[in-house]
Amino acid sequence: MQCVFLVLTRCPLIHLTSLACSTHCPPGPPPKDFQLPASPCPELLITNSVPSDFQANEIHKLILDTDAEISALGAEITRVRRALDRLELRRAGLSDFVKSHRPVVSVVRRLPTDILDEIFSHYLDASDPYYTALGPRRLLHLVGVCDRWRTIALGSPLLWRHVVAISNKLKMQQISLQLQRSAPVALSIHLAVASMTGMRRELNSTLDPLLTESRRWQNLFLRMHPSDFKLLATSGAEFPILEKLDLEVRESVPGHAALFLRSLPALVHLTLTAYETSIPDVLDFIWVQLRTCTLIECWTDDILRILPLFSAGARVCVNDCSARADVHPTSVHTVVSDLSVWCYDSEDTDILLDALTAPCLKRFQIGGHYSLPRIITFFNRSACALTHLTMDISYLDRFAGELLTLFRSPHARDIVDLGSRSGDLTGQFMDVLAMRDVVPNLRVLAFGCVERLDEAKLLEICENRRSTLQSLWLGGSIPLSQDTVQALKLGAVEVVRFS
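Counting with my numbering, you get residues 89 to 587 for the letters of the sequence shown.
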């Protein structure tokens with residue numbers, strides 16, 4: 089029998105529990121239930137000696153008997169392989185049978201029509217204009233699945249409400265079909281007209297059938313050449329239920345845009361992407377009626393001029409604002425209760441916050457690049473009492489002292505919801521949260537887009553807030569050990585995953 093040490097020495101790749109390796113080592117002894125024939129002259133196998141006549145006859149006889157057994161084994165192997173092929177073929181057939189029948193009893197097939205209708209509606213949701221541009225194609229995917237889905241899709245007005253009218257993309261026949269099948273539900277319109285004159289010429293023919301249904305317009309994504317606003321403003325159409333407008337302006341905002349906005353009495357949600365185009369004061373009438381407003385790529389001085397015009401309780405999101413070199417903003421006062429600021433340059437954030445006072449502020453989100461001392465000064469000047477605070481914490485360990493000052497300030501005493509959108513949750517940020525006198529009324533803690541998480545410190549935070557902390561929200565990529573999850577559950581802290 090081969091030596092174990094010899095086998096392991098010749099084949100370092102072999103596992104310690106194995107004694108054979110067909111690739112690197114010589115063959116080992118046969119299994120116990122299978123013995124080779126005994127050789128009549130084993131000494132001749134290791135020499136070149138000539139066998140005697142008797143030995144030669146014995147060897148010839150043994151070879152003939154062994155060849156016969158080899159042939160018999162070959163026939164048996166062929167029989168077994170054929171049997172294995174039949175078994176594998178039957179298994180494949182049974183697998184195909186199960187695969188074809190399992191969908192018949194699936195939950196999706198047995199869903200009620202109204203539930204499927206609701207799922208389809210969410211699938212074709214119009215919340216993102218770029219996502220909605222795929223709406224007609226996605227609808228074709230639905231109607232091509234089966235007869236039942238086709239019947240539901242064709243008979244559900246909600247699934248036809250997202251009309252994407254892009255010049256040279258959507259033909260008049262399809263627009264008319266969607267308007268007909270969507271009646272009488274409210275419409276979501278995506279209007280994007282290229283700046284090329286030839287393409288813009290099609291706008292009249294595209295708008296005409298849409299404007300006949302203007303009283304059903306509820307959501308509108310609008311990207312047009314400034315001169316084309318005249319078609320909307322002078323059409324005489326009414327928009328009594330249009331409540332959400334996503335507007336992109338790449339050149340100066342014309343006066344006709346103001347006329348169009350005045351025809352929107354129900355408008356309460358506005359997203360304005362200005363691409364560093366000045367926002368004229370002729371639009372100042374619109375801000376007071378908004379509940380939510382998102383300003384993207386706007387000038388800082390325009391934002392500071394607009395902020396005082398919002399009504400109490402409004403939510404304003406400022407995304408990537410820029411400061412003009414020759415403009416010096418003046419101090420302003422706003423009554424908005426929810427403010428979100430995200431800028432690439434910390435100087436732009438500083439200019440905005442240094443000029444702003446927001447005493448009614450309850451919810452505040454800050455991202456991108458910013459100065460924590462500047463935020464504390466802003467809170468002190470505003471004398472606000474926050475209930476919700478979300479920050480990017482990528483580099484907050486450099487301001488651990490300021491962070492502790494902020495969390496122990498009167499502005500943070502009423503915070504019930506605290507979130508971080510990015511960073512490494514292993515440093516002083518976690519140490520500060522573990523202190524009992526920091527943000528004492530915290531009920532919801534949310535971590536998103538975090539690279540690392542100190543689970544021991546997390547459990548310490550939850551233990552110190554056992555009487556108040558209710559839920560922990562974690563971004564989908566943050567791993568948590570089962571022991572930590574079980575400890576949080578025992579502490580009555582609900583763990584919620586989000587993406």
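Each residue gets a CB set at the ideal place from its N, CA and C atoms; glycine is no exception.
Pairwise C-alpha distance: residue j and residue i
| i | j | result |
| --- | --- | --- |
| residue 428 | residue 455 | 8 Å |
| residue 432 | residue 425 | 24 Å |
| residue 138 | residue 172 | 46 Å |
| residue 350 | residue 251 | 23 Å |
| residue 378 | residue 506 | 26 Å |
| residue 373 | residue 327 | 17 Å |
| residue 338 | residue 547 | 50 Å |
| residue 380 | residue 556 | 30 Å |
| residue 213 | residue 232 | 19 Å |
| residue 586 | residue 559 | 13 Å |
| residue 581 | residue 315 | 56 Å |
| residue 287 | residue 295 | Because residue 287 carries a pLDDT of 48, less than 50, the predicted location of this residue cannot be relied on, and the following value inherits that uncertainty. Computed Cα separation, rounded: 13 Å. |
| residue 376 | residue 462 | 28 Å |
| residue 649 | residue 277 | A query on residue 649 cannot be resolved here, the shown segment of the chain reaching from 89 to 587 and no further. |
| residue 368 | residue 321 | 17 Å |
| residue 543 | residue 568 | 7 Å |
| residue 382 | residue 391 | 11 Å |
| residue 191 | residue 197 | 7 Å |
| residue 470 | residue 450 | 11 Å |
| residue 273 | residue 209 | 12 Å |
| residue 174 | residue 149 | 38 Å |
| residue 268 | residue 343 | 33 Å |
| residue 323 | residue 299 | 8 Å |
| residue 130 | residue 161 | 25 Å |
| residue 70 | residue 515 | The structure shown does not extend to residue 70, since the chain spans only 89 to 587, so no value can be given for it. |
| residue 518 | residue 460 | 17 Å |
| residue 146 | residue 133 | 14 Å |
| residue 356 | residue 226 | 29 Å |
| residue 448 | residue 430 | 20 Å |
Exposure of residue i, with buried meaning 16 or more beta-carbon neighbours within 10 Å
| i | result |
| --- | --- |
| residue 474 | buried |
| residue 497 | exposed |
| residue 270 | buried |
| residue 142 | exposed |
| residue 576 | buried |
| residue 240 | buried |
| residue 178 | exposed |
| residue 550 | buried |
| residue 331 | buried |
| residue 527 | buried |
| residue 127 | exposed |
| residue 122 | exposed |
| residue 159 | exposed |
| residue 389 | buried |
| residue 521 | buried |
| residue 472 | buried |
| residue 263 | buried |
| residue 354 | exposed |
| residue 211 | exposed |
| residue 583 | exposed |
| residue 509 | buried |
CB-CB length for residue i against residue j, believed under 8 Å
| i | j | result |
| --- | --- | --- |
| residue 406 | residue 440 | 7 Å |
| residue 265 | residue 205 | About 19 Å separates the two Cβ atoms, so there is no contact after all. |
| residue 478 | residue 453 | 4 Å |
| residue 335 | residue 352 | At roughly 11 Å, the Cβ-Cβ gap does not stay under 8 Å, so residue 335 and residue 352 are not in contact. |
| residue 434 | residue 364 | Between residue 364 and residue 434 the Cβ distance is about 18 Å, and since that is not below 8 Å, they are no contact. |
| residue 395 | residue 422 | 4 Å |
Bridge-paired residues (DSSP) for residue i
| i | result |
| --- | --- |
| residue 545 | Residue 545 is not bridged to any residue. |
| residue 445 | 421 |
| residue 410 | 387 |
| residue 529 | Partner(s): none; residue 529 has no beta bridge. |
| residue 174 | Paired residue(s): none; residue 174 is not in a bridge. |
| residue 479 | 454, 508 |
| residue 357 | 332, 380 |
| residue 535 | 508, 562 |
| residue 309 | 278, 334 |
| residue 241 | Residue 241 pairs with nothing; no bridge assigned. |
| residue 250 | 276 |
Specify whether the region 466 to 477 and the region 403 to 418 touch according to this definition: at least 3 beta carbon pairs, one from each stretch, less than 8 Å apart.
-> These segments do not touch.
Determine contact between the region 293 to 305 and the region 357 to 374, defined as no fewer than three beta-carbon pairs at a distance below 8 Å.
-> Contact fails: fewer than three Cβ-Cβ distances are below 8 Å.
Say whether the region 159 to 168 touches the region 176 to 196, bearing in mind that this needs 3 or more beta-carbon pairs closer than 8 Å, one atom from each stretch.
-> no
Taking 8 Å as the threshold, find out whether the region 518 to 538 comes into contact with the region 550 to 564 through three or more Cβ pairs.
-> yes
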